[in-house]
Structure formats: C-alpha cells, structure tokens
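**Q** One structure, pasted below without further comment.
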Amino acid sequence: GIDTVALLHQFPRSLRAQVVSFMHRHTLRSSALLMALSPECAKALLMCMTSAVCLEKEVLLGQGELCEYLYMLQKGQLHVRDGPAAEWDENLALEEFGAGKEVRTAMAAGINRVSVIAGKMGMEGTRR
3 GIDTVALLHQ FPRSLRAQVV SFMHRHTLRS SALLMALSPE CAKALLMCMT SAVCLEKEVL
63 LGQGELCEYL YMLQKGQLHV RDGPAAEWDE NLALEEFGAG KEVRTAMAAG INRVSVIAGK
123 MGMEGTRR
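Count along the sequence shown from 1, add 2, and you get the number used in the working numbering.
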C-alpha cells in the first residue's frame, strides 16, 4: 500500500492537516478519543497514522504480542478475545472479552474486511 505518512510529509504542515482532516473526516466526527482532543491535537495524531486493511480472519494482533500501534477501526468488525488464534470462535461476543478477569494480552482478528488506521505508539515521528 501507499505510505500516507511519508507521502504527506512532502507537503507543508498546514496542507497536511487539511488533507488528513478530509481523509479522516468520518473518524474525526465519530471517535470518542479524537472528539475529546482539541482539533489541532486530533489532526496531529492522525497525521502520524497510516491506513491498513485486515482481511477476514487475518490476525491484527496475536495474543502475547507487544502492541506497538494505536489502532482505530474505520470500517468493518473485529473479533477480540483473550485466547490464541487457534481457538478462535466466531460466536464469542465482544462483550465477553475479559469478563471478570484481568486480561493483559488478546487476539484481534477481522470478522470481515476491516479498514484501520494505525500509528506507532510513542509518536517519535511527531518531533519536527
């Protein structure tokens, strides 16, 4: 795919912010996380993220793996559970995830084709 972060860094910051706002306008209006931030902070966060597609049953994050990215679901559905991918059960409800126990790792897999935007945690690329 296209590395939107690298592509956008070719443009002046103000133009990048406008392009990112347009590309992710639905996410800006529907994400509780982004709505809690100032518009400038939300745009800065989105400018550090890149789009990705997760196919049906493709594991986005395996149990026990260190999560290095912040993922924001844009379209589709993810199945999240506290067991390995080999035990994936389509009938497990999302609300049951971690019910009554401390879950520190999880498996996330696409139920259908999923579009996400992902940004590396730590955001070291924002210091320019």
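A virtual CB, placed ideally from N, CA and C, is assigned to each residue, including glycine.
(1) From glutamine 65 to histidine 81, what distance separates their C-alpha atoms?
(2) Check the DSSP bridge columns for alanine 120 and list the partner residues they point to.
(3) Given this structure, state the Cα-to-Cα distance separating glutamate 31 from methionine 37, to the nearest angstrom.
(4) Nearest to methionine 25 by alpha carbon, out of Arg83, Gln76, Val55?
(5) What residue does the beta strand (DSSP E) around histidine 11 start on, and which one ends it?
(6) Would you call the CB atoms of leucine 72 and glycine 112 closer than 7 angstroms?
(7) State yes or no: is the C-beta of alanine 54 within less than 7 angstroms of the C-beta of valine 118?
(8) Judging by CA-CA distance, which residue of Arg115, Leu39, Ala46, Val61 is the nearest neighbour of serine 23?
**A** By the coordinates alone:
(1) 13 angstroms
(2) Thr52, Tyr73
(3) Correcting the residue identity first, residue 31 is arginine in this sequence and not glutamate. Straight-line Cα distance between these residues: approximately 7 angstroms.
(4) Gln76
(5) It is not in any beta strand (DSSP E) - histidine 11 carries neither H nor E in the DSSP assignment.
(6) no
(7) yes
(8) Ala46
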